[in-house]
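Numbering (the numbering used here), first residue to last: 700 to 912.
Every residue gets a Cβ at the ideal spot worked out from N, C-alpha and C, and that includes glycine.
Here it is as structure tokens:
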């Protein structure tokens, strides 16, 4: 015989309350960590401290759509970093798979290419962690580096990036400026051949950014 009585109903109500509380906690959006509990924010870099005469090439979404760029990366064994936003890291983007097979590294540039300053912590957390998860699902490794769209960021960006596992926030310089060891250059696929010739003519080599950061 199944026992019945007020205490059984009370136990059932208590159990339901516990389950509902657990669901609510699971569904709650991330909150900015309280003061004193914040993770150490990642550094913001546009140049890597090094005495090696090397520079680094960083690209945005369009590079994976240019077959000549893929051929250049293959022929020159060129190390490149691709900072991709949203669907730019998707399976239907040009020859992106070929680039990664050649050693190109895919990094993070937000989920929707949103301009981050002015957005709250929760929204920025979703932008950065959401794209991290997309890249990891596609390529098998979570990106460690992050480039904010237009190079714009604020205190919420730094903290959200820290909580999303970012090791460094990467900005870059215009290739037209004088080269210095450790420069991170924002490059375009169509101008890369001329840029590489200039880099080599000035006695520099192109290195993998991820080997230095």
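Secondary structure remark: continuous alpha helix (DSSP H) runs of at least 4 residues inside the region 849 to 911, in chain order: 854 to 862, 891 to 900.
Within the DSSP secondary-structure output, residue 804 pairs in a beta bridge with 780. Beta bridge pairing from DSSP links residue 820 with no other residue.
Residue pairing from DSSP places residue 757 in a beta bridge opposite 780, 885.
Counting every other CB atom within 10 Å of its CB across the protein chains shown gives residue 750 a total below 16, marking it as exposed. Per DSSP, the continuous alpha helix (DSSP H) segment holding residue 771 begins and ends at 766 to 775. Residue 844 carries a strand assignment under DSSP once its states are collapsed to helix, strand and coil. Measuring C-alpha to C-alpha distances from residue 812 to each of 885, 786, 911 identifies 786 as the nearest. No Cβ-Cβ contact shorter than 7 Å links residue 753 with residue 884. Residue pairing by DSSP puts residue 746 in a beta bridge opposite 882. In its chain, beyond the 5 residues on either side, 804 have a beta carbon closer than 6 Å to the beta carbon of residue 909. The DSSP-derived three-state label of residue 794 is coil. In chain order, 888 place their CB closer than 6 Å to the CB of residue 765, counting only its own chain and leaving out the 5 sequence neighbours on each side. The shortest CA-to-CA distance from residue 840 to any of 799, 740, 858, 745 is the one to 799. About 12 Å separates the Cβ atoms of residue 761 and residue 794, ruling out a contact at the 8 Å cut-off.
With 16 or more neighbouring CB atoms inside 10 Å of its own CB, residue 891 falls in the buried class.
Closest by C-alpha distance to residue 873, out of 894, 742, 854, 858, is 894. Look at residue 832 here: in three-state DSSP terms it is helix.
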